[in-house]
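*Asks:*
Number of protein chains: 4
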Amino acid sequence: MPFTISKPLRFGDCDLTGIAYHPAYLSMLVDVNEAMFASFGVTWKEIMFDRRMGLPTLSMNILFTKPAVYGDVLTFNVHVRKVGRASLELETVVTVGADVIWTIQQKIVLTSLDTHRSTPWPDDIRAGLERYLEPAADKKVI
Amino acid sequence: MPFTISKPLRFGDCDLTGIAYHPAYLSMLVDVNEAMFASFGVTWKEIMFDRRMGLPTLSMNILFTKPAVYGDVLTFNVHVRKVGRASLELETVVTVGADVIWTIQQKIVLTSLDTHRSTPWPDDIRAGLERYLEPAADKKVI
Amino acid sequence: MPFTISKPLRFGDCDLTGIAYHPAYLSMLVDVNEAMFASFGVTWKEIMFDRRMGLPTLSMNILFTKPAVYGDVLTFNVHVRKVGRASLELETVVTVGADVIWTIQQKIVLTSLDTHRSTPWPDDIRAGLERYLEPAADKKVI
Amino acid sequence: MPFTISKPLRFGDCDLTGIAYHPAYLSMLVDVNEAMFASFGVTWKEIMFDRRMGLPTLSMNILFTKPAVYGDVLTFNVHVRKVGRASLELETVVTVGADVIWTIQQKIVLTSLDTHRSTPWPDDIRAGLERYLEPAADKKVI
Numbered sequence: 001m002p003f004t005i006s007k008p009l010r011f012g013d014c015d016l017t018g019i020a021y022h023p024a025y026l027s028m029l030v031d032v033n034e035a036m037f038a039s040f041g042v043t044w045k046e047i048m049f050d051r052r053m054g055l056p057t058l059s060m061n062i063l064f065t066k067p068a069v070y071g072d073v074l075t076f077n078v079h080v081r082k083v084g085r086a087s088l089e090l091e092t093v094v095t096v097g098a099d100v101i102w103t104i105q106q107k108i109v110l111t112s113l114d115t116h117r118s119t120p121w122p123d124d125i126r127a128g129l130e131r132y133l134e135p136a137a138d139k140k141v142i
Numbered sequence: 001m002p003f004t005i006s007k008p009l010r011f012g013d014c015d016l017t018g019i020a021y022h023p024a025y026l027s028m029l030v031d032v033n034e035a036m037f038a039s040f041g042v043t044w045k046e047i048m049f050d051r052r053m054g055l056p057t058l059s060m061n062i063l064f065t066k067p068a069v070y071g072d073v074l075t076f077n078v079h080v081r082k083v084g085r086a087s088l089e090l091e092t093v094v095t096v097g098a099d100v101i102w103t104i105q106q107k108i109v110l111t112s113l114d115t116h117r118s119t120p121w122p123d124d125i126r127a128g129l130e131r132y133l134e135p136a137a138d139k140k141v142i
Numbered sequence: 001m002p003f004t005i006s007k008p009l010r011f012g013d014c015d016l017t018g019i020a021y022h023p024a025y026l027s028m029l030v031d032v033n034e035a036m037f038a039s040f041g042v043t044w045k046e047i048m049f050d051r052r053m054g055l056p057t058l059s060m061n062i063l064f065t066k067p068a069v070y071g072d073v074l075t076f077n078v079h080v081r082k083v084g085r086a087s088l089e090l091e092t093v094v095t096v097g098a099d100v101i102w103t104i105q106q107k108i109v110l111t112s113l114d115t116h117r118s119t120p121w122p123d124d125i126r127a128g129l130e131r132y133l134e135p136a137a138d139k140k141v142i
Numbered sequence: 001m002p003f004t005i006s007k008p009l010r011f012g013d014c015d016l017t018g019i020a021y022h023p024a025y026l027s028m029l030v031d032v033n034e035a036m037f038a039s040f041g042v043t044w045k046e047i048m049f050d051r052r053m054g055l056p057t058l059s060m061n062i063l064f065t066k067p068a069v070y071g072d073v074l075t076f077n078v079h080v081r082k083v084g085r086a087s088l089e090l091e092t093v094v095t096v097g098a099d100v101i102w103t104i105q106q107k108i109v110l111t112s113l114d115t116h117r118s119t120p121w122p123d124d125i126r127a128g129l130e131r132y133l134e135p136a137a138d139k140k141v142i
């Protein structure tokens with residue numbers, strides 16, 4: 001089962017041609033990523049401030065299929081494709097009604113904020129992420 | 001020859017772990033894309049308001065190689081990989097000093113703001129884009 | 001009764017010193033303003049696209065009392081202080097728990113997107129705004 | 001003499017009605033504030049990271065006089081109205097050509113990032129700020 005959350009496209013997310021400004025999509029995605037962790041009880045605030053870990057993104061492959069316009073409600077369906085030692089591969093399909101608007105494959109890594117090196121997922125976070133695990137044999141995240 | 005422009009990583013571009021916030025990178029890239037068009041004398045304002053055309057992004061493949069921190073000066077080297085009938089493929093290598101920080105392959109399409117369909121590049125814009133044309137036989141933009 | 005809505009301070013709303021980035025506060029406020037109109041059944045999308053009206057801000061007086069940090073839940077209490085012919089005066093008190101974090105007095109004007117001149121509030125919007133009307137005899141919005 | 005700097009209104013700074021999005025103005029102002037400090041040789045990065053000090057804003061009074069549109073070049077004229085023990089009062093007049101677009105009075109305070117209390121301006125920063133000092137007897141920054 002994917003992690004699923006809906007968000008409206010806000011006034012400030014649109015550009016002057018009336019469609020979504022793509023950096024605003026990425027900002028929405030950061031919120032979605034954050035909400036997925038919170039859904040299993042580990043906030044990014046705790047990860048960053050208490051555990052002194054960061055979650056930098058290594059890669060993102062994005063396909064914009066249809067434009068979204070002001071007022072559209074976007075549903076983010078986040079599929080966990082792989083939980084590595086210290087890495088995480090996500091594939092998110094963003095829909096408006098029945099239409100796919102954009103899709104993104106992300107690779108994230110867990111790092112120590114002190115050493116700036118990758119660090120293995122703590123057991124509780126790994127267990128949380130694996131709730132959403134759905135490997136896609138035929139899909140490859142760069 | 002690539003189109004080249006440098007921009008400092010601003011205070012507001014950084015997140016609370018002290019590195020660049022990735023949506024801010026994309027916002028910087030929009031400015032860089034805009035500046036490349038202006039470099040050959042066709043502003044986006046003219047394209048959008050006078051010619052009634054838009055420049056939506058179809059795809060972006062991004063690789064984050066090293067983090068950038070507040071105060072770093074980022075140099076964007078934009079290579080035009082292909083100018084299609086109505087499409088444009090760009091590959092941008094972003095450096096701080098001698099280090100590659102991130103790279104992005106983008107595919108953009110020219111559309112009519114009235115019909116919302118793709119429309120061929122006008123000759124003056126095509127000629128401007130082709131100044132920076134450097135096909136990469138071995139590289140593929142999705 | 002004020003219009004009241006709560007919003008968490010997101011990761012992307014914080015600066016590298018760990019507190020809220022003030023332009024992010026203003027972006028949250030735009031969402032709050034938009035939500036107040038939606039609460040009485042008139043969306044900004046309808047105002048802008050169907051009725052061809054805009055809602056530019058004329059003035060904002062802001063007092064930042066305490067910093068908010070990542071993860072704080074901000075409650076916006078919006079008091080309508082005056083509904084003029086074509087203008088609107090709002091006073092918003094933003095709290096985290098029992099603490100006032102910041103306050104803002106805003107003056108907004110309704111304009112025609114075609115003539116760019118002020119235009120009187122339509123009756124349905126005026127009625128909606130007046131639901132939240134609480135004149136403050138002793139308070140003056142510039 | 002004010003500190004003066006010009007910045008174009010970027011594509012991403014405009015909303016879907018075609019004028020500047022006010023949170024984008026505030027983000028531009030942060031850059032202008034930062035540039036004023038850099039003009040006398042003290043970067044915010046040094047203040048924040050080496051000296052462990054922050055520069056939170058206490059108040060902002062903003063008057064929007066005319067809308068700016070995509071492509072306008074905004075000139076920020078920053079007048080230092082007062083340098084207190086640990087505070088700074090600025091008045092910035094933003095123009096496009098001969099027109100005043102918006103004005104802002106800001107009060108900023110220097111704080112310790114460790115104690116979160118106000119801390120006196122170091123001599124070198126005070127000297128730098130005083131280069132731009134132009135008290136306005138008849139103007140009051142809240």
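Chains as they are written, first to last, in the numbering used here: chain A, 1 to 142; chain B, 1 to 142; chain C, 1 to 142; chain D, 1 to 142. All residues carry an ideal CB built from backbone N, CA and C; glycine is no exception. None of these values were measured; they are calculated from a predicted model.
Rounded to whole angstroms, what is the Cα-Cα separation between Trp44 of chain B and Arg126 of chain B?
*Replies:* Using only the alpha carbons, I get a separation of about 14 Å.
*Asks:* Between which residues of its own chain and Glu130 of chain D is the CB-CB distance below 8 Å, once the five residues before and five after are set aside?
*Replies:* Correct list, in chain order: Val80, Val83.
*Asks:* Could you tell me whether the Cβ of Ile62 of chain D comes closer than 7 Å to any Cβ of chain C?
*Replies:* For Ile62 of chain D, the answer is yes, since a Cβ of chain C falls inside 7 Å of its Cβ.
*Asks:* Judging by CA-CA distance, which residue of D:Leu29, D:Val32, D:Val94 is the nearest neighbour of Leu74 of chain D?
*Replies:* Checking every option, the nearest Cα to that of Leu74 of chain D belongs to D:Val94.
*Asks:* So, with DSSP's three-state summary, where would you put Lys45 of chain A?
*Replies:* DSSP places Lys45 of chain A in helix when its eight states are reduced to three.
*Asks:* Under 7 Å, CB to CB, which of the residues in the stretch 19-43 of chain C have a partner in chain A?
*Replies:* Within the stretch 19-43 of chain C, the residues whose Cβ lies closer than 7 Å to some Cβ of chain A are Ser27, Val30, Asp31, Glu34, Thr43, listed in chain order.
*Asks:* Here's a check: name, in chain order, each residue in its chain whose Cβ is nearer than 8 Å to the Cβ of Cys14 of chain B, leaving out the five neighbours to either side.
*Replies:* The residues are Ala20, Tyr21, Ala24, Val69, Tyr70.
*Asks:* Would Phe3 of chain D count as contacting chain B if we go by Cβ distances under 7 Å?
*Replies:* Phe3 of chain D does not count as touching chain B.
*Asks:* Under 7 Å, Cβ to Cβ, is there at least one residue of chain D near Gly54 of chain C?
*Replies:* With 7 Å as the cut-off, Gly54 of chain C counts as an interface residue toward chain D.
*Asks:* From this set, C:Val109, C:Arg10, C:Thr92, C:Trp121, which residue's C-alpha is nearest Ala136 of chain C's C-alpha?
*Replies:* Comparing Cα-Cα distances from Ala136 of chain C to each of C:Val109, C:Arg10, C:Thr92, C:Trp121, the minimum goes to C:Thr92.
*Asks:* Put Arg51 of chain D into one of helix, strand or coil per three-state DSSP.
*Replies:* Coil, per DSSP.
*Asks:* Between which two residues does the alpha helix (DSSP H) carrying Met1 of chain C extend?
*Replies:* Note, Met1 of chain C: premise wrong, no alpha helix (DSSP H); not H, not E.
*Asks:* Going along chain C, which residues have a C-beta under 7 Å from Lys45 of chain A?
*Replies:* What Lys45 of chain A touches in chain C: Tyr70, Gly71.
*Asks:* Closest to Lys7 of chain A by C-alpha separation, out of A:Ile108, A:Leu55, A:Gly97, A:Glu46, would be which residue?
*Replies:* Nearest C-alpha to Lys7 of chain A: A:Gly97.
*Asks:* If you follow the alpha helix (DSSP H) that Ser118 of chain A is in, where does it begin and where does it stop?
*Replies:* Note, Ser118 of chain A: premise wrong, no alpha helix (DSSP H); not H, not E.
*Asks:* What first and last residue would you give for the alpha helix (DSSP H) that runs through Asp72 of chain B?
*Replies:* Premise fails: Asp72 of chain B is in no alpha helix (DSSP H) and is neither H nor E.
*Asks:* Between the alpha carbons of Met1 of chain D and Gly41 of chain D, how many angstroms are there, rounded?
*Replies:* The straight-line gap from Cα to Cα measures roughly 18 Å.
*Asks:* Figure out for me which residue from D:Glu89, D:Asp123, D:Asp99, D:Asp124 has the closest Cα to the Cα of Val109 of chain D.
*Replies:* Ranking the options by Cα distance to Val109 of chain D, first place goes to D:Glu89.
*Asks:* Distance check for Arg85 of chain D and Ser123 of chain D, CA to CA, integer angstroms please.
*Replies:* It is worth fixing the name first, because residue 123 of chain D is Asp in this sequence and not Ser. Between Asp123 of chain D and Arg85 of chain D, the C-alpha separation is close to 11 Å.
*Asks:* Spell out whether any CB of chain D is found under 7 Å from the CB atom of Leu9 of chain A.
*Replies:* So, not an interface residue.
*Asks:* Looking at C-alpha atoms only, which residue of B:Leu58, B:Ala35, B:Asp114 is the closest neighbour of Asn77 of chain B?
*Replies:* With distances taken between Cα atoms, Asn77 of chain B lies closest to B:Ala35.
*Asks:* Hey, could you find the ends of the beta strand (DSSP E) Ile62 of chain A is sitting in?
*Replies:* From DSSP, the beta strand (DSSP E) with Ile62 of chain A extends over 57-64.
*Asks:* Using the Cβ count rule (16 or more neighbours within 10 Å means buried), how would you classify Thr17 of chain B?
*Replies:* Buried, since its Cβ has 16 or more Cβ neighbours within 10 Å.
*Asks:* Got a sec, what are the start and stop residues for the alpha helix (DSSP H) Glu34 of chain B sits in?
*Replies:* 22-39 is the extent of the alpha helix (DSSP H) around Glu34 of chain B.
*Asks:* Going along the chain, which residues of the stretch 86-117 of chain A sit with their C-beta nearer than 8 Å to a C-beta in chain C?
*Replies:* Per Cβ criterion, the list is empty.
*Asks:* Output the distance between the C-alpha atoms of Asn61 of chain C and Ser59 of chain D, rounded to the nearest integer angstrom.
*Replies:* Distance between the alpha carbons of Asn61 of chain C and Ser59 of chain D: 8 Å.
*Asks:* So, using beta-carbon positions, are Leu9 of chain D and Asp72 of chain D closer together than 7 Å?
*Replies:* For Leu9 of chain D and Asp72 of chain D, yes; Cβs fall inside 7 Å.
*Asks:* Taking Cβ-Cβ distances shorter than 9 Å, what residues in chain B pair up with Leu133 of chain C?
*Replies:* By Cβ distance, chain B contributes nothing, its closest Cβ being about 36 Å from Leu133 of chain C, past 9 Å.
*Asks:* Could you spell out where the alpha helix (DSSP H) holding Glu130 of chain D opens and where it closes?
*Replies:* Note, Glu130 of chain D: alpha helix (DSSP H), 123-130.
*Asks:* Excluding the five sequence neighbours on either side, which residues of its own chain have a C-beta within less than 8 Å of the C-beta of Ile142 of chain B, listed in chain order?
*Replies:* With a pLDDT of 46 at Ile142 of chain B, under the threshold of 50, the modelled position of this residue cannot be trusted; read the value that follows with caution. Excluding residues within five positions, the ones whose Cβ falls inside 8 Å are Ser59, Asn61, Gln105, Lys107.
*Asks:* Listing by chain order, which chain D residues have their CB less than 8 Å from the CB of Gly12 of chain A?
*Replies:* Those are Asp15, Tyr21, Pro23, listed as they occur along chain D.
*Asks:* What number of angstroms, rounded off, separates the C-alpha of Val30 of chain C from the C-alpha of Val100 of chain D?
*Replies:* Rounded to whole angstroms, Val30 of chain C to Val100 of chain D spans 24 Å at the Cα level.
*Asks:* Can you name the start and end residues of the beta strand (DSSP E) that Leu110 of chain A belongs to?
*Replies:* No beta strand (DSSP E) contains Leu110 of chain A, which DSSP labels as neither H nor E.
*Asks:* Quick one: does Ile142 of chain C have its CB under 7 Å from some CB of chain B?
*Replies:* Annotation note: pLDDT 47 at Ile142 of chain C (below 50); position unreliable, coordinate value reported separately. Cβ-Cβ to chain B under 7 Å: no for Ile142 of chain C.
*Asks:* Within the 7 Å Cβ cut-off, does Thr119 of chain D reach chain C?
*Replies:* Chain C, which has no Cβ nearer than 7 Å to the Cβ of Thr119 of chain D, makes this no.
*Asks:* Hey, out of A:Glu46, A:Thr57, A:Arg117, whose CA is closest to Leu26 of chain A's CA?
*Replies:* Nearest C-alpha to Leu26 of chain A: A:Thr57.
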